[in-house]
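In what follows, a single structure is set out as structure tokens and then discussed.
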Amino acid sequence: MYQFLTGPMLWISFAVFFVGLAARVYLYIKGLHWQMDRVAYGHFNDRGVKWALKSILFWLIPFKPMCWQKKPIFQTLFFLLHIGLVLVPLFLYAHVMLIEQAWGVSWPTLPGWLADALTIAAMVAAVMMAVRRVALPEVRIITTLHDWFVLLLSLAVLATGFFSAHQQGGGDVWVLAHIALAEALLIAAPFTKFSHIVLFFCSRAQIGMDYGIKRGGAKGRGIVW
Amino acid sequence: MPEGILCNKTPIQNEEELKRLLADTRGRQYYAEMQELEVDRDKLRTTLANTFRSRFKTWLEICARCGMCADSCFLYTVNQRDPKQVPSYKIQSTLGEIVRRKGDVDGAFMRHVMEVAWSQCTCCNRCGQYCPHGIDIGVMMGYTRGLCFSQGFVPWELKIGSGMHRVYRAQMDVTPEEWVETCEWMAEEQQDEWPGLEIPIDKEDADIMYTCNAREPKHYPEDLAEAAILFHIAGENWTVPSKGWEQTSLSMFAGDWEACKLQAMEVYAAMERLRPKRMVGTECGHAHRATVIEGPYWAGYRDGQPPVPCIHYVEWVAEALRTGKLKIDPAKRIKTPVTYQDSCNYIRNYGLAEIGREILSYIVEPGYLREMAPNKEHNYCCGGGGGFNGIGMFRPQRNKALLMKREQILNTGASMVIAPCHNCWDAIRDLEEEYAIGISWSFLKPLLIHMVEVPEHLKPKEEDEDE
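Listed in order, the protein sequences are those of chains A and B. Take 181 as the starting number for the first sequence in the numbering used here and just add one per residue. Take -13 as the starting number for the second sequence in the numbering used here and just add one per residue.
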């Protein structure tokens, strides 16, 4: 089982993930249309590129956009969850070690205590987001099964990862569950809202260009967020 | 497929049809017919296939349902935080549903979509600023309005409005002859006070081509006179076109994209005919949005630019004050607490926030400006934008929508609101009528006329201070 999950299945997962997400980006860009979107893509590139980058970057900086300023708690949950799901896996000793064994390449890793702390924080954030989905009427009304799937799968990957790092003997159950769930996430990514892994950047770049090229980029104060 | 005589899928084609629709008081027959109107599902499916592209598809799909848009929406706030007013809900339950059902929806559903699209969203685009993914629901609601219009589900007043543009190339029944007569009349009226004042019509190669809102010649031509006086004082070489003088577009509010194009092209034709250095539009937000920001796309200009550079009236005023073409008498500056209404269409969506403040720095005595909170790009809609002001059947909802602006204005403690936008101006007027909070409201032109220093050579021989 372990052999299969870390062998062929891993390759299939990565292939679906990277090819699938690349296809989503390609289809997104292919589907843009200057006249339908009413944005002169390809013109005023200096402003377009600058606003696209700003539009992405601002939202990756705490307290930068007005939304994060107004919603500090949600902002905190957002950053904690995404740090746990994106940065921790990339710089986790156990992950980097596997890659080093396979390909002989490696890079600096997080100290164990920090990786643990960030993972716990991410799990707490995911639970808080789940509570939010139930407790706040304005979030409850728009929540769908799809949203629960995305949130619970993320939480499950974090939790099984954490337990597999801290299991007290007793076989590979947590490790196997962690790998299987993480692969499920990778495979689901192109076909579900996990596609925001790439489409977040596409969408933010597009609205940035919309404002930069058309809606005041030539006149305004350089930002509307 | 049954269609009504007045309520149907065909836009107004001629004056006769327009008059017949106008004669239907408050759209009684029109809305009765709408109850029977069926959806052309094939047409809806085809429209979606041709126009629903990756941007909207992605927006609807990746919406994280985080609810950040809720508090950004003033209609959510004024409606006691009703979850059905959450922007994400509003678009997912309308456009989202049409897309999921691939256009397989019925008349009752489309009537619901119509209500949401015109009474629960003013297309102010504020939610797009607060969405982590940058999803602009105002833009999608505009698209949804287009789908509604193409199926005949559009508020009566806006079918008339877009019909006006189709028949008269103006939002009201003002013919080119009537327009020219109004210009001549206004110029003549001013001769005692402003000898030599002209409203030059169809002058070629002028520095400025001025365009306006049909309401001005139709209902308050003094606005046109004021524009002329200010250009006269500033010594501008300007003109108005006999055709293509109307800058507004109720067809944009209606989602009638074909009429939008016809209207914008009329103005661009005037630019090409008269070759002005640039166009200056009147104090109207959506007119600027329609003719300067969106219009070039309807007209098919790939760079998104109108044929000549176009500026909003506030930009012209700021420039005239900055360069000294208009000089303010410091003694006449506003010395009462005053606030400024940022119009969504050219502040949030065109970046002119600081231009407004520059003007205020000249015309308001220091210490008397009371900014609204939030303001500038983050300001709330006046409450009547996107056509909301003009739709009779949604008047109760519109009146409720005014409560946010009421609150904002009251919090400033200002007794006067400067609103260089027709829609905002109307909403604030209605707000005072409805809620009587003791404020006055004004465009910039009448304020400037009373404050500006008149050069000696422009004064009448027997100098006489105006009232």
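Positions of the beta carbon are idealized from the N, C-alpha and C atoms, including for glycine.
Tell me the DSSP bridge mates of residue i?
{"i": "residue 225 of chain B", "result": "B/195"}
{"i": "residue 326 of chain B", "result": "B/404"}
{"i": "residue 287 of chain A", "result": "Bridge partners of residue 287 of chain A: none, in fact."}
{"i": "residue 267 of chain B", "result": "B/197"}
{"i": "residue 248 of chain A", "result": "DSSP, once it has assigned bridges, lists no residue as partnering residue 248 of chain A."}
{"i": "residue 64 of chain B", "result": "DSSP, once it has assigned bridges, lists no residue as partnering residue 64 of chain B."}
{"i": "residue 296 of chain B", "result": "B/265"}
{"i": "residue 426 of chain B", "result": "B/402"}
{"i": "residue 355 of chain B", "result": "B/324"}
{"i": "residue 232 of chain B", "result": "B/198"}
{"i": "residue 314 of chain B", "result": "B/438"}
{"i": "residue 187 of chain B", "result": "B/226"}
{"i": "residue 314 of chain A", "result": "Note: residue 314 of chain A sits in no beta bridge, so no partner."}
{"i": "residue 99 of chain B", "result": "Note: residue 99 of chain B sits in no beta bridge, so no partner."}
{"i": "residue 350 of chain B", "result": "B/320"}
Ordered along the chain, which non-local residues of its own chain (more than five positions away) have a Cβ less than 7 angstroms from that of residue i?
{"i": "residue 243 of chain B", "result": "132 and 284"}
{"i": "residue 64 of chain B", "result": "386, 387, 389 and 390"}
{"i": "residue 404 of chain A", "result": "391"}
{"i": "residue 245 of chain A", "result": "238, 239 and 405"}
{"i": "residue 199 of chain B", "result": "233, 234, 268, 270, 273 and 408"}
{"i": "residue 8 of chain B", "result": "146"}
{"i": "residue 343 of chain A", "result": "354"}
{"i": "residue 250 of chain A", "result": "none"}
{"i": "residue 453 of chain B", "result": "Because the pLDDT at residue 453 of chain B is just 45, under 50, the model does not fix this residue reliably, and the value given afterwards should be weighed accordingly. Closer than 7 angstroms at the Cβ level, and outside the excluded window around residue 453 of chain B, lies no residue."}
{"i": "residue 25 of chain B", "result": "91, 92, 93, 96 and 137"}
{"i": "residue 366 of chain A", "result": "193, 194, 196 and 197"}
{"i": "residue 412 of chain B", "result": "370 and 375"}
Going along chain B in order, which residues have a C-beta closer than 8 angstroms to the C-beta of residue i?
{"i": "residue 254 of chain A", "result": "52 and 54"}
{"i": "residue 376 of chain A", "result": "48, 50 and 119"}
{"i": "residue 386 of chain A", "result": "41 and 120"}
{"i": "residue 327 of chain A", "result": "50 and 51"}
Which residues in chain A sit within 9 angstroms of residue i, going by Cβ to Cβ distance?
{"i": "residue 3 of chain B", "result": "Near residue 3 of chain B there are no residues of chain A at all, since even the closest Cβ is about 29 angstroms away, more than 9 angstroms."}
{"i": "residue 45 of chain B", "result": "383"}
Could you check how far apart the C-beta atoms of residue i and residue j are, in whole angstroms? I think they sit under 8 angstroms.
{"i": "residue 191 of chain B", "j": "residue 228 of chain B", "result": "Contact doesn't hold; Cβ gap of about 16 angstroms is too wide."}
{"i": "residue 406 of chain B", "j": "residue 299 of chain B", "result": "6 angstroms"}
{"i": "residue 139 of chain B", "j": "residue 96 of chain B", "result": "4 angstroms"}
{"i": "residue 3 of chain B", "j": "residue 378 of chain B", "result": "The Cβ separation is near 20 angstroms, so there is no contact."}
{"i": "residue 330 of chain B", "j": "residue 371 of chain B", "result": "6 angstroms"}
{"i": "residue -8 of chain B", "j": "residue 93 of chain B", "result": "Contact flag wrong, Cβ pair sits at about 15 angstroms."}
{"i": "residue 336 of chain A", "j": "residue 361 of chain A", "result": "5 angstroms"}
{"i": "residue 341 of chain A", "j": "residue 326 of chain A", "result": "Between residue 326 of chain A and residue 341 of chain A the Cβ distance is about 23 angstroms, and since that is not below 8 angstroms, they are no contact."}
Give me the chain A residues within the contact set of residue i, using Cβ-Cβ distance strictly less than 7 angstroms, ordered along the chain.
{"i": "residue 472 of chain B", "result": "Lying outside -13 to 453, the shown extent of chain B, residue 472 of chain B is not represented and no answer is given."}
{"i": "residue 283 of chain B", "result": "215 and 218"}
{"i": "residue 289 of chain B", "result": "220 and 223"}
{"i": "residue 78 of chain B", "result": "322"}
{"i": "residue 31 of chain B", "result": "In chain order: nothing, as chain A lies at least about 17 angstroms away."}
{"i": "residue 201 of chain B", "result": "None at all; the shortest Cβ gap to chain A is about 25 angstroms."}
Go through its chain and collect everything with a Cβ distance to residue i's Cβ below 6 angstroms, but skip five positions before and after it.
{"i": "residue 123 of chain B", "result": "73, 77 and 113"}
{"i": "residue 318 of chain B", "result": "437"}
{"i": "residue 306 of chain B", "result": "220 and 312"}
{"i": "residue 366 of chain B", "result": "60 and 390"}
{"i": "residue 20 of chain B", "result": "-7"}
Apart from the five residues on each side of it in sequence, which residues of its chain come closer than 8 angstroms, Cβ to Cβ, to residue i?
{"i": "residue 387 of chain A", "result": "235"}
{"i": "residue 217 of chain A", "result": "386 and 390"}
{"i": "residue 258 of chain B", "result": "293"}
Residue i versus chain B: which residues are under 9 angstroms apart at the beta carbon?
{"i": "residue 250 of chain A", "result": "54, 57, 58 and 116"}
Since residue i meets chain A, which of its residues come closer than 8 angstroms, beta carbon to beta carbon?
{"i": "residue 74 of chain B", "result": "322"}
{"i": "residue 40 of chain B", "result": "207, 208, 209, 210, 211 and 212"}
{"i": "residue 279 of chain B", "result": "394 and 395"}
{"i": "residue 339 of chain B", "result": "400 and 401"}
{"i": "residue 37 of chain B", "result": "216"}
{"i": "residue 336 of chain B", "result": "395, 396, 399 and 400"}
{"i": "residue 87 of chain B", "result": "Near residue 87 of chain B there are no residues of chain A at all, since even the closest Cβ is about 16 angstroms away, more than 8 angstroms."}
Along chain B, which residues have their Cβ under 7 angstroms away from the Cβ of residue i?
{"i": "residue 296 of chain A", "result": "Result: empty, since nearest Cβ-Cβ is about 27 angstroms, beyond 7 angstroms."}
(request) Scan the stretch 345 to 371 of chain B for residues whose Cβ lies nearer than 9 angstroms to a Cβ of chain E and list them as they occur along the chain. (result) The displayed structure is made up of protein chains A and B, and chain E is not among them.
(message) Between the stretch 325 to 336 of chain A and the stretch 275 to 283 of chain A, can you find at least three pairs of beta-carbon atoms closer than 8 angstroms?
(response) No, the stretch 275 to 283 of chain A does not touch the stretch 325 to 336 of chain A.
(message) Can you confirm whether the stretch 40 to 56 of chain B touches the stretch 286 to 306 of chain A when touching is taken to mean that 3 or more C-beta pairs between the two stretches lie within less than 8 angstroms?
(response) Judged by pairs of C-beta atoms under 8 angstroms, the stretch 286 to 306 of chain A does not touch the stretch 40 to 56 of chain B, as fewer than three such pairs exist.
(request) Take every Cβ of the stretch 23 to 33 of chain B, pair it with every Cβ of the stretch 78 to 89 of chain B, and state whether three or more of those distances are shorter than 8 angstroms. (result) The stretch 23 to 33 of chain B makes contact with the stretch 78 to 89 of chain B: 3 or more CB pairs, one atom from each, lie closer than 8 angstroms.
(request) Determine contact between the stretch 392 to 401 of chain B and the stretch 357 to 364 of chain B, defined as no fewer than three beta-carbon pairs at a distance below 8 angstroms. (result) Taking a cut-off of 8 angstroms on C-beta distances, the stretch 392 to 401 of chain B touches the stretch 357 to 364 of chain B, as three or more cross pairs fall below it.
(message) Closer than 8 angstroms is the cut-off here; do at least three beta carbon pairs connect the stretch 106 to 121 of chain B with the stretch 146 to 157 of chain B?
(response) Contact between the stretch 106 to 121 of chain B and the stretch 146 to 157 of chain B is absent, because fewer than three Cβ pairs lie under 8 angstroms.
(request) Report yes or no: do the stretch 204 to 221 of chain B and the stretch 171 to 181 of chain B share at least 3 C-beta pairs separated by less than 8 angstroms? (result) With a cut-off of 8 angstroms, the stretch 171 to 181 of chain B and the stretch 204 to 221 of chain B count as touching, because enough Cβ pairs lie within range.
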